[in-house]
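Novice: Okay, handing you the structure first.
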Amino acid sequence: MRGLNEAMQLPVSNAGRARELSDLIATAQGQPAPGKGPPIIVVVDDSSTIRVFFERVTRDLDVRLHTFASVAESLPYLATIQPDLLFLDILMPDKDGLTFLEELRNRPDHATTPVVVISSKDYAQDRALARSLGVLEYVIKPMSTQTIRDLILRLLPNSTASLPAAGVPSAL
Amino acid sequence: MSIIDKPDPCFLRFWGVRGSYASPFESHLGVGGNTSCVELRAGNSLLVCDAGTGIIPLGEHIISNDGPRELLVLMTHYHWDHICGLPFFVPAFRRDWRVRFFGPGRDAQEIERSIAAQMRAPYFPVETENWQADIGYVEPQCEGLRHGPFLIRHGSVHHPGVTYGYRITIAGRTVVYVSDNEFRFLDRSLANAGDLSDEDHAIFRSVISEERMAELALIRDADILIHDAQYTEEAYITKRGWGHSCYLDTVDAAIDAGVRLLYLFHHDPGNDDRIVEEMLVRARALIAERGSSLQCEIAREGLVVTL
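Top line first, the protein sequences correspond to chains F and H. Quick note: the first sequence, position 76, residue 76 per our numbering, numbers continuous. Whatever position you read off the second sequence (first residue = 1), add 172 for our numbering.
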């Protein structure tokens with residue numbers, strides 16, 4: 001179960017985080033457009049551990065990673081940037097990820113944004129809903145580091161620029 | 173609103189407590205055979221949680237009384253056992269009634285489509301367009317809904333498809349209604365994951381702690397929690413992943429969240445009165461074992477609880 005829509009206010013909506021977010025958007029807007037620089041990966045997941053997990057997974061990949069703790073937090077960013085790959089959780093405090101994805105799909109700028117769902121919900125109905133919304137992959141938690149790395153390398157072949165020859169860094 | 177402003181009367185009533193499908197069997201009628209429907213009343217304000225077959229006798233009851241002529245129905249989701257009473261809900265067919273619906277969906281139109289679909293041909297002879305009441309569908313609002321003195325917030329829960337649980341505040345008391353929810357899903361997924369490294373295991377043990385905090389947030393400190401308790405321990409072994417809780421996980425969560433009074437709800441049609449009563453005994457034993465002050469009861473059809 002995920003908590004209240006009010007719970008989104010707790011860890012992420014303080015003034016410091018808001019400033020951090022506006023800095024992030026400003027930085028992103030100053031970066032090369034998607035397709036002209038390293039691929040942009042966005043992760044929306046209320047689990048701070050999962051967000052750190054993605055930072056570690058992508059540490060040695062040639063990508064720009066931006067993580068958000070809630071749908072509300074991600075909205076200003078996604079209003080201006082179309083990521084090359086969006087990892088989306090389902091059970092989040094402020095909004096269900098599949099409902100959010102349906103809203104995104106109804107916007108011209110995100111009608112075809114590549115999306116991978118990451119969720120502990122291992123139900124056929126959620127997978128079917130995700131498929132109907134054009135989700136590329138539906139990954140069940142817990143997933144391995146290697147699974148996510150392989151997925152990124154497959155979906156974003158240009159993300160390997162800084163990979164060592166052996167492929168998987170020992171730090172992981 | 174403070175307790176001093178408590179409307180009179182202020183109560184909840186269980187009209188349907190069964191999960192999955194109606195069970196009008198003699199062996200089940202002590203607990204009840206109708207599917208999910210709970211009435212909350214605060215003075216002239218009427219709030220209804222879910223529209224299983226229990227909403228049919230509720231409808232008959234409220235049209236024959238001098239109570240309010242308007243209500244809000246909160247849908248947790250649109251699986252059959254939660255909507256199948258609507259085609260027979262009499263107030264929707266009366267011109268002098270005002271009925272509003274809220275549930276999962278990105279906007280009011282999607283909520284309407286989800287509710288109307290079951291009454292389209294060839295599934296039912298009368299469509300929602302034939303409803304005579306003033307019918308409306310409520311747009312999602314992130315700050316929560318108000319219905320008379322009720323303040324209503326929702327959160328997504330662990331059940332197939334998009335499913336809500338509701339946290340309802342009335343007169344300083346909090347009632348949480350979560351009809352369908354599978355607790356501790358990720359814990360068991362991790363226990364069954366044989367191919368993860370030690371490091372990945374450690375990562376997901378941390379994720380489990382976060383998920384636990386999140387799943388308890390909706391029910392935390394509730395005065396009354398009405399929650400899915402569908403499966404016995406034995407049944408859950410083969411029904412994990414069906415989107416319902418083992419009742420002992422529900423009791424554990426209620427204790428961990430500081431709930432005061434838990435009603436075991438959404439009873440499995442396979443569980444007759446004897447089995448449900450045994451579940452209550454074992455639930456109370458667990459509460460005693462954990463040294464908790466949690467009170468636990470069976471949600472029984474017809475039971476009225478003063479708020």
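Backbone N, C-alpha and C fix where the C-beta goes; we use that ideal spot for every residue, glycine too. Values in this document were obtained by computation on a predicted structure and should not be read as measured data.
Shortest alpha-carbon distance to histidine 416 of chain H belongs to which of H/Cys256, H/Val298 and H/Ser351?
Specialist: Selected option, being the one with the closest Cα: H/Ser351.
Novice: Expressed to the nearest angstrom, what Euclidean distance is found between the alpha-carbon atoms of phenylalanine 265 of chain H and asparagine 302 of chain H?
Specialist: Taking the straight line from one Cα to the other gives about 8 Å.
Novice: Three-state secondary structure (DSSP) at isoleucine 152 of chain F?
Specialist: Isoleucine 152 of chain F: helix per DSSP, three-state reduction.
Novice: Following the continuous beta strand (DSSP E) through arginine 213 of chain H, name the residue where it begins and the one where it ends.
Specialist: Counting along the chain, the beta strand (DSSP E) containing arginine 213 of chain H begins and ends at 209-214.
Novice: For glutamine 125 of chain F, does the three-state DSSP call read helix, strand or coil?
Specialist: Note: glutamine 125 of chain F maps to helix in three-state DSSP.
Novice: Contact check, glutamine 402 of chain H vs aspartate 440 of chain H under 8 Å by CB: the rounded distance?
Specialist: Sure, about 5 Å apart at Cβ, within 8 Å.
Novice: How is leucine 98 of chain F classed by DSSP in three states: helix, strand or coil?
Specialist: Correct three-state label for leucine 98 of chain F: helix.
Novice: State the DSSP-derived secondary structure class of histidine 399 of chain H, mapped to helix, strand or coil.
Specialist: Note: histidine 399 of chain H maps to strand in three-state DSSP.
Novice: Could you name the residues of the stretch 124-142 of chain F whose beta carbon sits closer than 8 Å to any beta carbon of chain H, in the order they occur along the chain?
Specialist: Correct list: Ala124, Gln125, Asp126, Leu129, Ile140, Lys141 and Pro142.
Novice: How many Å lie between proline 39 of chain F and arginine 64 of chain F at the Cα?
Specialist: Distance between the alpha carbons of proline 39 of chain F and arginine 64 of chain F: 6 Å.
Novice: Is it buried or exposed for glycine 463 of chain H, if we count other Cβ within 10 angstroms and need 16 for buried?
Specialist: By the neighbour-count rule (16 or more Cβ atoms within 10 Å), glycine 463 of chain H is not buried but exposed.
Novice: Candidates H/Leu397, H/Ala363, H/Gly474 and H/Ala343: which alpha carbon is nearest asparagine 353 of chain H's?
Specialist: Considering only alpha carbons, the answer is H/Leu397.
Novice: Using 8 Å as the limit for Cβ to Cβ distance, is leucine 113 of chain F near chain H?
Specialist: The question names leucine, yet the displayed sequence has threonine at residue 113 of chain F. No, its Cβ sits nowhere closer than 8 Å to a Cβ of chain H.
Novice: Taking 8 Å as the CB-CB limit, is serine 70 of chain F close to chain H?
Specialist: Not one chain H Cβ lies under 8 Å of serine 70 of chain F.
Novice: Is it buried or exposed for phenylalanine 197 of chain H, if we count other Cβ within 10 angstroms and need 16 for buried?
Specialist: Answer is exposed; the Cβ neighbour count stays below 16.
Novice: With distances taken from CA atoms, which of H/Ala386, H/Leu243 and H/Pro179 is nearest serine 70 of chain F?
Specialist: Of the listed residues, the one whose Cα sits closest to serine 70 of chain F is H/Ala386.
Novice: Going by Cα to Cα distance, which pick from F/Leu61, F/Ser120 and F/Ser132 is closest to alanine 111 of chain F?
Specialist: Of the candidates F/Leu61, F/Ser120 and F/Ser132, the one whose C-alpha sits nearest the C-alpha of alanine 111 of chain F is F/Ser132.
Novice: Determine the DSSP secondary structure at leucine 86 of chain F, reduced to helix, strand or coil.
Specialist: Correct three-state label for leucine 86 of chain F: strand.
Novice: State whether the stretch 270-287 of chain H contacts the stretch 247-260 of chain H, with contact taken as three or more CB pairs (one from each stretch) at a distance under 8 Å.
Specialist: Segments in contact, yes.
Novice: Looking at the C-beta of serine 47 of chain F, does it have a partner C-beta in chain H at a distance below 8 Å?
Specialist: Yes, serine 47 of chain F lies at the interface with chain H (some Cβ there is under 8 Å from its Cβ).
Novice: Any beta carbon of chain H sitting closer than 8 Å to that of serine 144 of chain F?
Specialist: Answer yes: the Cβ-Cβ gap between serine 144 of chain F and chain H drops below 8 Å somewhere.
Novice: Could you name each continuous alpha helix (DSSP H) segment of 4 residues or more that falls completely within the stretch 394-457 of chain H, going from the start of the chain to the end?
Specialist: The stretch 394-457 of chain H contains these whole alpha helix (DSSP H) runs: 405-411 and 419-428.
Novice: Could you check where the alpha helix (DSSP H) with arginine 59 of chain F kicks off and where it finishes?
Specialist: Arginine 59 of chain F -> no alpha helix (DSSP H), and no H or E assigned at all.
Novice: Is there at least one Cβ from chain H nearer than 8 Å to glutamate 102 of chain F's Cβ?
Specialist: Glutamate 102 of chain F counts as touching chain H.
Novice: Need the endpoints of the beta strand (DSSP E) that tryptophan 139 of chain H sits in, please.
Specialist: Nothing can be reported for residue 139 of chain H: it is not among the residues displayed for chain H, which extend from 173 to 479.
Novice: Whole angstroms is fine: what's the gap from glycine 320 of chain H's alpha carbon to asparagine 206 of chain H's?
Specialist: Answer to the nearest angstrom: the Cα atoms are 27 Å apart.
Novice: If you measure between the beta carbons of alanine 114 of chain F and aspartate 89 of chain F, is that distance less than 8 Å?
Specialist: The question names alanine, but residue 114 of chain F is proline in the sequence shown. No, they are not a contact pair.
Novice: Secondary structure at isoleucine 380 of chain H, three-state DSSP: helix, strand or coil?
Specialist: Three-state result, isoleucine 380 of chain H: helix.
Novice: State the beta-bridge partners of threonine 113 of chain F as determined by DSSP.
Specialist: Per DSSP, none; premise fails for threonine 113 of chain F.
Novice: Taking 8 Å as the CB-CB cut-off, is aspartate 372 of chain H touching chain F?
Specialist: Interface residue, yes.
Novice: Terminal residues of the continuous alpha helix (DSSP H) containing glycine 141 of chain H?
Specialist: Within the shown structure, residues of chain H are numbered from 173 to 479, placing residue 141 of chain H beyond reach of any answer.
Novice: Taking 6 Å as the limit between beta carbons, can you name the residues of its chain near leucine 86 of chain F, skipping five residues before and five after?
Specialist: Val42, Thr113 and Val115, listed in sequence order.
Novice: Applying the criterion that 16 or more other CB atoms from any shown protein chain within 10 Å of the CB defines a buried residue, is tyrosine 295 of chain H buried or exposed?
Specialist: So tyrosine 295 of chain H counts as exposed.
Novice: Reducing DSSP to helix, strand and coil, say where phenylalanine 322 of chain H ends up.
Specialist: Note: phenylalanine 322 of chain H maps to strand in three-state DSSP.
Novice: Below 8 Å on the Cβ atoms is my guess for arginine 270 of chain H versus glutamate 242 of chain H; work out the distance and round it to an integer in Å.
Specialist: Rounded, the Cβ-Cβ distance is 4 Å, consistent with contact.
Novice: Between proline 276 of chain H and chain F, is any beta-carbon pair separated by less than 8 Å?
Specialist: Yes, proline 276 of chain H counts as interfacial toward chain F.
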